[in-house]
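**Q**
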Amino acid sequence: MFPTVEQSIPAHLISDAPQPVPVTVGLHYSAHDPLAVRMIFPTAVSLDGACVTWTFARELLDSGLHTPSGEGDVHIWPYDRAQTMVELRSAEGVALMRFASGRLRHFLLHSYATVPAELESRALDIDTGLAALLGEAKDWQD
1 MFPTVEQSIP AHLISDAPQP VPVTVGLHYS AHDPLAVRMI FPTAVSLDGA CVTWTFAREL
61 LDSGLHTPSG EGDVHIWPYD RAQTMVELRS AEGVALMRFA SGRLRHFLLH SYATVPAELE
121 SRALDIDTGL AALLGEAKDW QD
C-alpha cells in the first residue's frame, strides 16, 4: 500500500456570474505517483455532471505559489499574499479557480512529508510503469 495525502479545500470558481461560486475541491497525492497531484472537482461544477480530475506536476503547484508557472493546460500563479489562482484549459473551455494559498501549502507540506522532492525519482515504480507500457504496446500490436 502506498501512502497518500488527501485534503478537501474550499475554492472559488471565477466565471461570468456576478459573484465567484464557492466549491470544495479534493486534492490527492500518492507515493505511487510521486511527481503528480490530482485536483478532483465535484459534479456540481462539471459540464457533464460527473466528477472531474485534473492531474499535473506537484512541482507546478509548488512553484505556482511563488511565481506564475505552467505551460499548456494548467497555469498557476499567486493572486496576492493570501490567494493563488489555478487556470485549467480544455477543449470545452477554461476554468479559473481561486484558492487560499495557506491551504495549498498545507497540502504540499504533507505531500513532501510523504515523499520528499529529492526522493521523488526513487519512489517511482519504474518496473511497473514500464511493464504497463509494454503491455499496452503489445495489446496495440495484437
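Sequential numbering of the sequence shown, starting at 1, is according to UniProt numbering.
Just so it is clear, CB atoms sit at the ideal spot from N, CA and C, and this is done for glycine as well.
Rounded to whole angstroms, what is the Cα-Cα separation between Val94 and Pro116?
**A** By one-based count along the sequence shown, residue 94 stands at place 94. By one-based count along the sequence shown, residue 116 stands at place 116. Between the C-alpha atoms of Val94 and Pro116 there is a straight-line separation of about 32 Å.
**Q** What residues match up with Val5 in a beta bridge as DSSP calls it?
**A** On the sequence shown, residue 5 is found 5 positions in, with the first residue counted as 1. DSSP output for Val5 lists Tyr29 as bridge partner(s).
**Q** Out of Ser101, Gly72, Leu119, Asp62, which one is the CA nearest neighbour of Glu11?
**A** Position 11 of the sequence shown, counted from the first residue, corresponds to residue 11. Per the sequence presented here, residue 11 reads as Ala, with Glu not at that position. It is Ser101.
**Q** My guess is that Arg105 and Leu65 are in contact by the Cβ rule of under 8 Å, so how many angstroms apart are they, rounded?
**A** Here residue 105 corresponds to residue number 105 of the sequence shown, with the count starting at 1. Here residue 65 corresponds to residue number 65 of the sequence shown, with the count starting at 1. Confirmed, about 6 Å.
**Q** Pick out whichever of Glu71, Leu109, Val5 has its Cα sitting closest to the Cα of Ala31.
**A** Here residue 31 refers to the residue found at position 31 when the sequence shown is read from its first residue. Of Glu71, Leu109, Val5, the residue nearest in Cα terms is Val5.
**Q** Assuming Thr43 and Ala50 are in contact, meaning their beta carbons sit under 8 Å apart, how far apart are those beta carbons, in whole angstroms?
**A** Looking up residue 43 in the sequence shown gives position 43. Looking up residue 50 in the sequence shown gives position 50. With 8 Å as the limit, Thr43 and Ala50 qualify as a contact, their Cβ atoms being about 6 Å apart.
**Q** Applying the criterion that 16 or more other CB atoms from any shown protein chain within 10 Å of the CB defines a buried residue, is Arg58 buried or exposed?
**A** For this step, residue 58 is matched to residue 58 along the sequence shown. Flag for Arg58 reads buried.
**Q** Determine which residues share a DSSP beta bridge with Ser90 and list them.
**A** Along the sequence shown, read from residue 1 onward, the residue named residue 90 stands at position 90. Beta-bridge pairing links Ser90 to Gly93.
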